[in-house]
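> Residue numbers (our numbering): 2 to 169. We treat Cβ as the ideally placed atom computed from N, Cα and C, and that holds for glycine.
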Amino acid sequence: ELAELVQAEILYPKGRPPRCSYIFKHALLEDALYNALAKGKRQRFHRRIADVLEAQFPQTAETRPELLAHHFSEAGLAEKGAAYWLKAGLRSRERSAEVEAISHLTTGLTLVGALAASPERDVQELQFLSALAPCHIAVRGYAAPQVRPILERARELCERSGQTPRLF
């Protein structure tokens, strides 16, 4: 099927088979084909991709957690998606890519916010907030309007969960 798509000039191979990847001729074509899939079918594809990457390509999962985060999120698996968004955000922070970290952590925090309320969810949210606040400070400064709500919410979660060492 890939050969047919290449012959029809819908896809172009990048590299040499079998170790190649494929890119669409045009981004609009890619978007149109993606949106033509039913939501349930798209979610199944994303889940299958994420499961294969996680099981068969652990190095990719380690070096590109944002890729797995994207696929698990699109598959509707918020918990797994959030866990990988956290890894991606922390990995970006390690590389001093603060703006990228903010993006990853904010995306993951949105997923965590959609989970059912529980002590585990609070701990996970606190992990995101603890990583997100320093990123905003590094990029925008201590007085940035984004910092205060993050720190206030983190304080609330620390007090509620009894994690007083994190208050400092």
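Helix, strand or coil for F58, going by three-state DSSP, please let me know.
In the sequence shown, residue 58 corresponds to position 57, counting from 1. Reduced to three states, the DSSP call for F58 is coil.
> Looking at C-alpha atoms only, which residue of G90, A37 and I11 is the closest neighbour of H27?
Taking the first residue of the sequence shown as position 1, residue 27 is located at position 26. Here the closest residue by C-alpha is I11.
> Could you give the C-beta distance for L29 and A51, rounded to a whole number, given that I count them as a contact under 8 Å?
Within the sequence shown, residue 29 is the residue found at index 28, counting from 1. Within the sequence shown, residue 51 is the residue found at index 50, counting from 1. Contact doesn't hold; Cβ gap of about 26 Å is too wide.
> Under 7 Å between the Cβ atoms of H137 and Q147?
Indexing the sequence shown from 1 puts residue 137 at position 136. Indexing the sequence shown from 1 puts residue 147 at position 146. It is a contact, given that the beta carbons lie within the stated cut-off.
> Looking at G77 and L112, is the spacing between their C-beta atoms short of 7 Å?
Here the question's residue 112 lines up with position 111 in the sequence shown. Here the question's residue 77 lines up with position 76 in the sequence shown. No, these two residues do not count as a Cβ contact at 7 Å.
> Note down the Cα distance separating P120 from L110, rounded to an integer number of angstroms.
For this step, residue 120 is matched to residue 119 along the sequence shown. For this step, residue 110 is matched to residue 109 along the sequence shown. Rounded to the nearest angstrom, the two C-alpha atoms are 15 Å apart.
> Assuming contact is defined by CB atoms lying nearer than 7 Å, are A79 and A115 in contact in what I supplied?
To locate residue 79, count along the sequence shown from 1; it is residue 78. To locate residue 115, count along the sequence shown from 1; it is residue 114. Contact flag set, yes.
> Would you tell me roughly how many angstroms separate the C-alpha atoms of L38 and R141, rounded to the nearest one?
Against the sequence shown, residue 38 aligns to sequence position 37. Against the sequence shown, residue 141 aligns to sequence position 140. Those two C-alpha atoms are separated by around 40 Å.
> Take the Cβ of R94 as the centre, count every other Cβ of all protein chains shown within 10 Å, and call the residue buried at 16 or more, exposed below.
Counting from one through the sequence shown, the residue named residue 94 turns up at place 93. Flag for R94 reads buried.
> Could you tell me the alpha carbon to alpha carbon distance between L130 and D123, rounded to whole angstroms?
Reading the sequence shown from its first residue, position 129 is the one you call residue 130. Reading the sequence shown from its first residue, position 122 is the one you call residue 123. Distance between the alpha carbons of L130 and D123 is about 10 Å.
> State the start and end residues of the unbroken beta strand (DSSP E) segment that holds L12.
Your numbering for residue 12 matches position 11 in the sequence shown. L12 -> beta strand (DSSP E) spans L12 to K15.
> Return the chain-ordered list of same chain residues with a C-beta closer than 7 Å to the C-beta of S74, the five sequence neighbours on each side being excluded.
Translated into positions along the sequence shown, residue 74 becomes position 73. Correct list, in chain order: G82 and L112.
> Ignoring anything shorter than 3 residues or poking outside the region 79 to 154, list the beta strand (DSSP E) runs there in chain order.
none
> With DSSP as the reference, identify every bridge partner of F25, one or two as the case may be.
Here the question's residue 25 lines up with position 24 in the sequence shown. DSSP lists L12 as partners of F25.
> Does DSSP put L69 in a helix, a strand or coil?
Position 68 of the sequence shown holds residue 69. Of the three classes helix, strand and coil, the one that applies to L69 here is helix, per DSSP.
> Rounded to a whole number of angstroms, what is the C-alpha to C-alpha distance between A84 and V7?
Within the sequence shown, numbered from 1, the residue matching residue 84 stands at position 83. Within the sequence shown, numbered from 1, the residue matching residue 7 stands at position 6. For A84 and V7, the distance between alpha carbons rounds to 36 Å.
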